[in-house]
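Below: the structure, in structure tokens.
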Amino acid sequence: MGTARSRVVPVEVRNAAGRGRGEAAHSGGRGDALFVGSLEKGLRVLSAFLAGEGHLGLSDICRLTQLDKSAAQRFAHTLMVLGYLEKDPRTRRYHPSVRMLDWFVAYMRADPLTQIAGPHLVDLHDETRQAVNLSRLVDTDVSYVIRIPARRARLLSPIVGERVPAFCTASGRAILSGRPDEEVADILDRSQLLPFTERTICDRAQILARIAAARRVGYTIAEEECLPGELTIAAPILNAEGRSVGGLNMSMTTRDWTPERMRTGLAPPLLRTVTILSSLQGYRGSSAIPA
Numbered sequence: 004m005g006t007a008r009s010r011v012v013p014v015e016v017r018n019a020a021g022r023g024r025g026e027a028a029h030s031g032g033r034g035d036a037l038f039v040g041s042l043e044k045g046l047r048v049l050s051a052f053l054a055g056e057g058h059l060g061l062s063d064i065c066r067l068t069q070l071d072k073s074a075a076q077r078f079a080h081t082l083m084v085l086g087y088l089e090k091d092p093r094t095r096r097y098h099p100s101v102r103m104l105d106w107f108v109a110y111m112r113a114d115p116l117t118q119i120a121g122p123h124l125v126d127l128h129d130e131t132r133q134a135v136n137l138s139r140l141v142d143t144d145v146s147y148v149i150r151i152p153a154r155r156a157r158l159l160s161p162i163v164g165e166r167v168p169a170f171c172t173a174s175g176r177a178i179l180s181g182r183p184d185e186e187v188a189d190i191l192d193r194s195q196l197l198p199f200t201e202r203t204i205c206d207r208a209q210i211l212a213r214i215a216a217a218r219r220v221g222y223t224i225a226e227e228e229c230l231p232g233e234l235t236i237a238a239p240i241l242n243a244e245g246r247s248v249g250g251l252n253m254s255m256t257t258r259d260w261t262p263e264r265m266r267t268g269l270a271p272p273l274l275r276t277v278t279i280l281s282s283l284q285g286y287r288g289s290s291a292i293p294a
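Per our numbering, the sequence shown starts with residue 4, numbered consecutively.
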């Protein structure tokens, strides 16, 4: 069994994504009488821990949230008292507590797609013996909400809740293939098209061509775009209006698979599964992709 390798996310991507989410949240309430600015600032402190740094000092929180020291300290202390953050008495650095998982449980219980998808993902995993992941689009990223690792994983599977850019992932491009052109253009406009590996496709025209191809054949393949040695194949799950609501992907290594073999051996069971899931979401088209 090979050694698992972690995903290498460029610092520029993490920082840009963190700034984009924070600035959007901060400016989104201007002129809205119902918007609670103090709540937004508290959530901004929690969001600081999404940048990939698990333990943050007060100066780190100030830097990532653009809050002054007094405000950052009050919000961090309040979140600690409420049980959402813990503080190391030796280093005085904060980190999320296990109570944060309460929100994930609430999401999983409320989301109808994850409620029905589980058994079908297990069937696909049993049939193909590959890692299977269900993802959702979150702004310009995809977030993995269900993952079933391969029995003999050679690569580190994504963590549930992990977010990666949609433009360079098979799941992201699959989901975008089920969205209108103007929405795809807006997402790409707001994305940081920076490379993760030497094979990451960052050219806008090539990205659009991959999305268009996914609309035609029903799935898309990404070759070592997020992680060296990783291949992924994904297809969109559609709702009654033919709009993508999620993506289903399988990942494997270049050591064991080729894109050609994926097309013949993995695309058919993948498409069968997303067709079932799409029908359960109300889609009544003749295939998993609208004509």
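Using N, Cα and C, we set each Cβ at its ideal position, and we do this for glycine too.
Only a predicted model underlies this, so the values are computations on that prediction, with no experimental measurement involved.
Pairwise C-beta distances place the segment 243-255 in contact with the segment 131-145, as three or more of them are shorter than 8 Å. The alpha-carbon of LEU67 is positioned some 21 Å away from that of VAL84.
When C-alpha distances from THR267 are compared across ASN242, ILE236, THR256 and ARG258, the shortest belongs to ILE236.
At a Cβ-Cβ threshold of 8 Å, GLY232 and THR256 count as neighbours.
DSSP links ILE240 through a beta bridge to GLY249. Restricting attention to alpha helix (DSSP H) runs no shorter than 4 residues, the segment 179-211 encloses them at 184-193, ordered along the chain. If you ignore the 5 residues before and after PRO272, its C-beta comes within less than 8 Å of the C-beta of LEU127, GLU130 and THR131, all in its own chain and listed in chain order.
Under the criterion of beta carbons closer than 8 Å, ALA217 and SER194 do not qualify as touching, at roughly 17 Å. Using a 10 angstroms sphere on the CB of SER138, the tally of other CB atoms reaches 16 or more, which defines it as buried. Just so you know, the alpha carbons of LEU283 and ARG202 end up roughly 36 Å apart.
Pairing SER100 with LEU116 gives a Cβ-Cβ distance that is not under 8 Å. Taking the Cα positions, ALA270 is about 49 Å away from ALA36. PRO168 is a Cβ neighbour of GLY175, given a cutoff of 8 Å.
Residue pairing of MET255 in beta bridges, as defined by DSSP: LEU234. The beta-bridge partner set that DSSP reports for LYS90 consists of TYR97. Residue pairing by DSSP places VAL135 opposite ILE151 and MET253 in a beta bridge. Straight-line measurement puts the Cα of ILE214 at about 14 Å from the Cα of ASP189. One thing to note: ALA74 has its Cβ within 8 Å of the Cβ of LYS44. Here PRO239 is buried. Its C-beta has 16 or more other C-beta atoms within 10 Å. Look at VAL141 here: in three-state DSSP terms it is strand. LEU124 counts as buried, since at least 16 other C-beta atoms from the protein chains shown sit within 10 angstroms of its C-beta. Judged by beta-carbon spacing, ARG166 lies beyond the 8 Å limit of VAL187, meaning their Cβ atoms are not closer than that value. Contact annotation, GLU227 with THR200: C-beta distance approximately 6 Å; criterion of less than 8 Å satisfied.
The beta carbon of ILE119 sits closer than 6 Å to the beta carbons of LEU283 from its chain, once the five residues preceding and following it are set aside; these are given in chain order. A distance of 8 Å or more separates the beta carbons of ARG95 and LEU59.
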